[in-house]
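Visitor:
2 protein chains.
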Amino acid sequence: MLDHSFHSPLPPTRLTTKQQAVLTQLERLQEAVSAQRLYAELRQHGESLGLATVYRSLDLLKLKGLVQSRTTTDGEALYSPIQQDQHYLTCLQCGSSVPLDFCPLQAMENQLRRSQAFTIYYHTLEFFGVCEPCTHQAQ
Amino acid sequence: MLDHSFHSPLPPTRLTTKQQAVLTQLERLQEAVSAQRLYAELRQHGESLGLATVYRSLDLLKLKGLVQSRTTTDGEALYSPIQQDQHYLTCLQCGSSVPLDFCPLQAMENQLRRSQAFTIYYHTLEFFGVCEPCTHQAQ
DNA sequence: TAAGATAATGATAATCATTCCCATTTTAGC
DNA sequence: GCTAAAATGGGAATGATTATCATTATCTTA
Numbered sequence: 001m002l003d004h005s006f007h008s009p010l011p012p013t014r015l016t017t018k019q020q021a022v023l024t025q026l027e028r029l030q031e032a033v034s035a036q037r038l039y040a041e042l043r044q045h046g047e048s049l050g051l052a053t054v055y056r057s058l059d060l061l062k063l064k065g066l067v068q069s070r071t072t073t074d075g076e077a078l079y080s081p082i083q084q085d086q087h088y089l090t091c092l093q094c095g096s097s098v099p100l101d102f103c104p105l106q107a108m109e110n111q112l113r114r115s116q117a118f119t120i121y122y123h124t125l126e127f128f129g130v131c132e133p134c135t136h137q138a139q
Numbered sequence: 140m141l142d143h144s145f146h147s148p149l150p151p152t153r154l155t156t157k158q159q160a161v162l163t164q165l166e167r168l169q170e171a172v173s174a175q176r177l178y179a180e181l182r183q184h185g186e187s188l189g190l191a192t193v194y195r196s197l198d199l200l201k202l203k204g205l206v207q208s209r210t211t212t213d214g215e216a217l218y219s220p221i222q223q224d225q226h227y228l229t230c231l232q233c234g235s236s237v238p239l240d241f242c243p244l245q246a247m248e249n250q251l252r253r254s255q256a257f258t259i260y261y262h263t264l265e266f267f268g269v270c271e272p273c274t275h276q277a278q
């Protein structure tokens, strides 16, 4: 279970049942998923809620600093609980992304926090190039 | 004028006139722009070409390692010549992005090049949080 | 240089994630 | 319990991007 107690851009008002369900399901899945996928998972688990509510809940959870999102090369947003899968190698040819398992940026982030009039909640780092399989096939 | 001679994922076939126009216009504009915006600019400058061609050209230019793109929080892709505006502070509330003017990642990127079976062409680093103006207004 | 093959282009329709709208339901404060 | 505010559902609207396909330009090679 994650700790949700750190400083966040929105005051810590209580989550509604649906919002909590969205967050819980997102934490169960061990990967970054789209809103549509999350919606399908929730329905499969017997949760009764609409797609619009999933989108609204995810936006709110982002503002509360509990959820982050990144956007794939074909314009789909993928959501995950914060502090997870923030670094990627993304292939320019096939579009696949594999997460990196380390983050060398903490010191830099701390420095930025002090020097800029900007409150940082998370960051993403993405390398774009061509993956091994794609190098073996003519584009 | 930028140097386009470095190693890229596609063989260095010649660009068509339209593709060259897309690239040139992108280099003229001193900021990352959407495909739609670039299309409008090209038409204003008397260039005769279709929107689909702009999208196709941008995809090709990305594969050739001449152009990069990133996606805004509302799902719009912004394009720019490579090596420019790769680092951002992005506000979770208003969605504004301001570029950072430094990149502390070159060493790390070089190390990655050696250790991974992945050819890197460029990277993006984005910090998400709340900007100064947004901190002064209740969400 | 002309014919045929191949790639590029333009216009428009189709796609699809996301947002908007609004009637209904739930929640919070009193 | 009553009233106002917030949340929700479902379906329509939006808008960026992609697909389609007929047409045009380019390249190859004889």
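Each protein sequence line maps, in turn, to chains R and U.
For the first sequence, the tail end lands on 139 under the working numbering, and the numbers increase by one without skipping.
For the second sequence, the tail end lands on 278 under the working numbering, and the numbers increase by one without skipping.
We put the beta carbon where it would ideally sit given N, CA and C, even for glycine.
Are the beta-carbon atoms belonging to Ile82/R and Val67/R less than 9 Å from one another?
Guide: Taking the first residue of the first sequence as 1, we reach residue 82/R at position 82. Taking the first residue of the first sequence as 1, we reach residue 67/R at position 67. The answer is yes: Cβ separation under 9 Å.
Visitor: Look at the alpha carbon of Tyr39/R and the alpha carbon of Lys18/R, and state the distance between them as a whole number of angstroms.
Guide: Here residue 39/R refers to the residue found at position 39 of the first sequence. Here residue 18/R refers to the residue found at position 18 of the first sequence. Spanning the two alpha carbons is a distance of roughly 11 Å.
Visitor: So, are the CB atoms of Leu89/R and Glu31/R less than 9 Å apart?
Guide: Residue mapping note: residue 89/R aligns to position 89 of the first sequence, counting from 1. Residue mapping note: residue 31/R aligns to position 31 of the first sequence, counting from 1. Not closer than 9 Å, so no.
Visitor: Name, going along the chain, the residues of the segment 113–132 of chain R whose beta-carbon falls closer than 8 Å to a beta-carbon of chain U.
Guide: If the cut-off is 8 Å between Cβ atoms, the segment 113–132 of chain R has Gln116, Ala117, Phe118, Thr119, Ile120, Tyr121, Tyr122, His123, Thr124, Leu125, Glu126, Phe127, Phe128, Gly129, Val130, Cys131 and Glu132 near chain U.
Visitor: Whether or not the segment 192–209 of chain U and the segment 239–255 of chain U are in contact is what I'm after, with contact meaning three or more pairs of Cβ atoms, one per stretch, closer than 8 Å; do they touch?
Guide: No, they do not touch.
Visitor: Could you name the residues that DSSP lists as bridge partners for Ser269/U?
Guide: The residue given as residue 269/U occupies position 130 in the second sequence. Inspection of the sequence shows that residue 269/U is occupied by Val rather than by Ser. Per DSSP, Thr119/R.
Visitor: What distance in whole Å lies between the Cβ atoms of Gly129/R and Cys94/R, which are believed to be in contact at a cut-off of 8 Å?
Guide: Residue numbering aside, residue 94/R sits at position 94 when the first sequence is read from its first letter. Residue numbering aside, residue 129/R sits at position 129 when the first sequence is read from its first letter. So it is not a contact: roughly 11 Å between Cβ atoms.
Visitor: Closest Cβ-Cβ distance between Gly234/U and chain R: below 9 Å?
Guide: Locating residue 234/U in the second sequence gives position 95, counting from the first residue. Chain R contact via Cβ: absent.
Visitor: To the nearest angstrom, how far is the alpha carbon of Asp240/U from that of Glu47/R?
Guide: The residue you call residue 240/U lines up with position 101 of the second sequence. The residue you call residue 47/R lines up with position 47 of the first sequence. Each residue's alpha carbon lies about 46 Å from the other.
Visitor: Does His143/U come out as helix, strand or coil in the three-state DSSP assignment?
Guide: On the second sequence, position 4 is the one that residue 143/U refers to. Confidence in His143/U is poor, its pLDDT being 33 and thus under 50, which makes the residue's placement too unreliable to answer from.
Visitor: Quick one: grab the DSSP three-state call for Arg209/U.
Guide: By one-based count along the second sequence, residue 209/U stands at place 70. The answer is strand: DSSP assigns Arg209/U an E or B state.
Visitor: Determine the burial state of Gln225/U: buried for a count of at least 16 other Cβ atoms within 10 Å of its Cβ, exposed for fewer.
Guide: The residue given as residue 225/U occupies position 86 in the second sequence. Label assigned to Gln225/U: buried.
Visitor: So with CB distances below 7 Å, who are the chain R contacts of Leu231/U?
Guide: As a first step, residue 231/U must be located in the second sequence, where it is residue number 92. Those within 7 Å of Leu231/U in chain R are Pro9, Lys62, Leu63 and Tyr121.
Visitor: In whole angstroms, what separates the C-alpha of Leu165/U from that of Thr274/U?
Guide: Counting from one through the second sequence, the residue named residue 165/U turns up at place 26. Counting from one through the second sequence, the residue named residue 274/U turns up at place 135. Spanning the two alpha carbons is a distance of roughly 34 Å.
Visitor: With a Cβ-Cβ cutoff of 9 Å, do Leu190/U and Ala174/U count as a contact?
Guide: Start at 1 with the first residue of the second sequence, and residue 190/U comes out as number 51. Start at 1 with the first residue of the second sequence, and residue 174/U comes out as number 35. A contact, by the Cβ cut-off of 9 Å.
Visitor: Going by DSSP in three states, Ser57/R sits in which element: helix, strand or coil?
Guide: As a first step, residue 57/R is located in the first sequence; it is residue number 57 there, counting from the start. Three-state DSSP puts Ser57/R in a helix.
Visitor: Quickly, what does DSSP pair Val237/U with across the bridge? List them, please.
Guide: In the second sequence, counting from the first residue as 1, residue 237/U sits at position 98. Paired residues: Leu228/U.
Visitor: Taking the continuous beta strand (DSSP E) assigned at Leu217/U, which residues delimit it?
Guide: Position 78 of the second sequence, counted from the first residue, corresponds to residue 217/U. Counting along the chain, the beta strand (DSSP E) containing Leu217/U begins and ends at Ala216 to Pro220.
Visitor: Taking 9 Å as the CB-CB cut-off, is Leu15/R touching chain U?
Guide: The residue you call residue 15/R lines up with position 15 of the first sequence. Not one chain U Cβ lies under 9 Å of Leu15/R.
Visitor: Just how far apart, CA to CA, sit Lys203/U and Leu217/U?
Guide: Counting from one through the second sequence, the residue named residue 203/U turns up at place 64. Counting from one through the second sequence, the residue named residue 217/U turns up at place 78. Approximately 17 Å, taken between the alpha carbons.
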